[in-house]
Each structure stands twice: as C-alpha cells, then as structure tokens.
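Each remark here refers to the structure printed beneath this line.
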Amino acid sequence: MATHRIDPGISQMLAFTVIRICMLAVLAFVGILVYYIVINGIGHLSIEFLTSPPRQRMTAGGIFPAIVGTVMLISLSMAMALPLGVLSAIYLNEYASENRRVWLINMAINNLAGTPSIVFGLFGLALFVKYAGFGPSLLAASLTLMLVVLPVIIRASEEALISVPPGLREGSLALGATRWQTVQKVVIPAAMPSIITGAILSIGRVAGETAPILLTGAAYFIPRTPDSVFDQFMALPYHLFVLSTAGTDIEQTRGIQYATALVLLLIVLGINLIAVVIRSRYRKKLMW
Numbered sequence: 620m621a622t623h624r625i626d627p628g629i630s631q632m633l634a635f636t637v638i639r640i641c642m643l644a645v646l647a648f649v650g651i652l653v654y655y656i657v658i659n660g661i662g663h664l665s666i667e668f669l670t671s672p673p674r675q676r677m678t679a680g681g682i683f684p685a686i687v688g689t690v691m692l693i694s695l696s697m698a699m700a701l702p703l704g705v706l707s708a709i710y711l712n713e714y715a716s717e718n719r720r721v722w723l724i725n726m727a728i729n730n731l732a733g734t735p736s737i738v739f740g741l742f743g744l745a746l747f748v749k750y751a752g753f754g755p756s757l758l759a760a761s762l763t764l765m766l767v768v769l770p771v772i773i774r775a776s777e778e779a780l781i782s783v784p785p786g787l788r789e790g791s792l793a794l795g796a797t798r799w800q801t802v803q804k805v806v807i808p809a810a811m812p813s814i815i816t817g818a819i820l821s822i823g824r825v826a827g828e829t830a831p832i833l834l835t836g837a838a839y840f841i842p843r844t845p846d847s848v849f850d851q852f853m854a855l856p857y858h859l860f861v862l863s864t865a866g867t868d869i870e871q872t873r874g875i876q877y878a879t880a881l882v883l884l885l886i887v888l889g890i891n892l893i894a895v896v897i898r899s900r901y902r903k904k905l906m907w
C-alpha cells in the first residue's frame, strides 16, 4: 500500500506560518492592552500628577509617593535578590555534585517558583513583620519580594551558565587558572547577557506584585515618601488596586486608575530598557 509523504518544503512553510500567526496574535494582544491604557490614561498625566501627593481620599492630587515607593521597592528587592540568586546558581551549576541534597534544593526551587504570591505574603508577614520585628515596612516588603523572584533568578542564571561552552572552562583551567578564577573571569562574563535577561523578567514581577506588599508594608494612604527602610510606603500596584476596588468612587477615579497603570508601565519599561542596554554591551564584548 502506497504511503503519501508531505513535501518537507510544505511542512516547513506551514510551521513558519503557524509560528508567525502565534507571534502576531501575541503582539496584537499586547498592543491592544497598551493602546487601551495609553488612550484612557494619557489625558490625566501632568507634572502635578507626577509630583504631588494624593488628596481628598485619593480622588484628587497625584501619585508621587507611590512612584518613589515603587522605585525604592524594586531597587531594594533586586539589590538583594540578584546577587543571592546568581551566587546560588553558580554553586549549583559549577560546584555542587549530583546527589540527594542538590536534588532536594532543585525540587525546593521549582516548588517556590510555582507558589502563589499570597503565600509569600503570609510568610513575610510571619517572618519579617512579626518574628524579625521589622514591622510593616519597606524592608519587610522588599525581603518578601526577594523571595518571590529568587527562584526565577536562580533558574535563569543556571540556564545562562549551562549555555557557556565547556571549552571555555577547559581552556581556562588548562592555562593554570583556578576554578573560581575561571568562574569569575570566564564563565560569568560569558553568561552575563542571559543573567540580565532573567533580571529583566524579575523586575517586571516585582513591580506588579500586590499581595505580598499588601501584607508586609504597603499603606492605603501616606501622602509622603518613606524616610527609611523601616517606614511604610505607598506603591503603584497597591494604589491601583485600592482605586479600582474599594474606598473611593470608582467611576470618579477612572482616569486616575489608567494614568497610574500607565506610569507603572513606563517605570517598568524604563528600567527594562536600561537593563537591555547593559545586556547589549556585554554581548558586544563576547568573542564567540
């Protein structure tokens, strides 16, 4: 019985067509979302909105304390999570041998990556706010968000280290370099672009989380910026949540809601662009 085979050229064309359609669909959804936020929020953006505190139970005024709180939250969380995540990935990929202990560590990382953020919030409330005595504060919220993004950074950094060709390590060791010198001078610079990609993904998650900071430090209404890491703070995600759900006239603050969402998108985009520029510079230095 004769069998009919599909021409490989046709199969390839169909595959690329499906891929292009999927890519265009994703871009379309993202474009529609951004367009809707920009159209509804751009009219309420102004210098006063960006530089003044909220007034009249957040139905007037601006969002300056929330902007500062969000930037401080992102900076402090990433400053703690990135070094710890990268060092953990270096240990797991470059030093740890395959044994039951490492298997348990990897299993724990995978489980943490799939844990709902509200669970991290409850954990942060118990450990950092209550047990450690930090109270509802910027420090407690940042430590909680550090735990939220740590599995993402570890996994992204591990993949980056795995992608470095083994020949680079072998060549460095053959020239007399120690294992740490090889990791520091050869492996990390080669993996840095991919590590920064993981950091970019983590920044987006830190900026958009509401549940963890709701339980550990974000305030409903504080018309000032935090003076220290032990103060409560306002943050754009929680501010947007409050405006959209309770405590205010939702219809009256509709424009403020979209303007707040637009500012949050612009902050994340700006930080990501800085990270992309740094990643591009590292890539240009690679010779392989």
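Just so you know, we're using my numbering here: the sequence shown kicks off at 620 and counts up by one. Glycine included, C-beta positions come from ideal geometry on N, C-alpha and C. This one's a predicted model, so the numbers in the text were calculated from it and none came from an experiment.
- The residues I773, S776, E777 and L780, in chain order, have a CB closer than 7 angstroms to that of A708 in the same chain once the five nearest residues on each side in sequence are set aside.
- 8 angstroms or more divides the Cβ of F753 from the Cβ of T763.
- In this structure, G743 places its C-beta atom within 8 angstroms of the C-beta atom of L834.
- Annotation: A700 to I629 spans about 47 angstroms, alpha carbon to alpha carbon.
- Beta-bridge partners of R674 (DSSP): A679.
- For H858, the enclosing alpha helix (DSSP H) covers residues L855 to T864.
- M765 and Y750 have their C-alpha atoms some 18 angstroms from each other.
- Between the region 668–685 and the region 873–891, the count of C-beta pairs closer than 8 angstroms reaches three or more; the two stretches touch.
- By the Cβ rule, the region 679–694 counts as touching the region 818–837, because three or more pairs are nearer than 8 angstroms.
- For the 8 angstroms CB-CB criterion, P770 and A732 form a contact.
- Straight across, the Cα-Cα distance linking I819 with V887 is about 9 angstroms.
- For F849, the CB contacts under 8 angstroms within the same chain, skipping 5 residues up- and downstream, are F753, G754, S756, L757 and L758 in chain order.
- Looking at the DSSP output, A837 sits in a beta bridge with F852.
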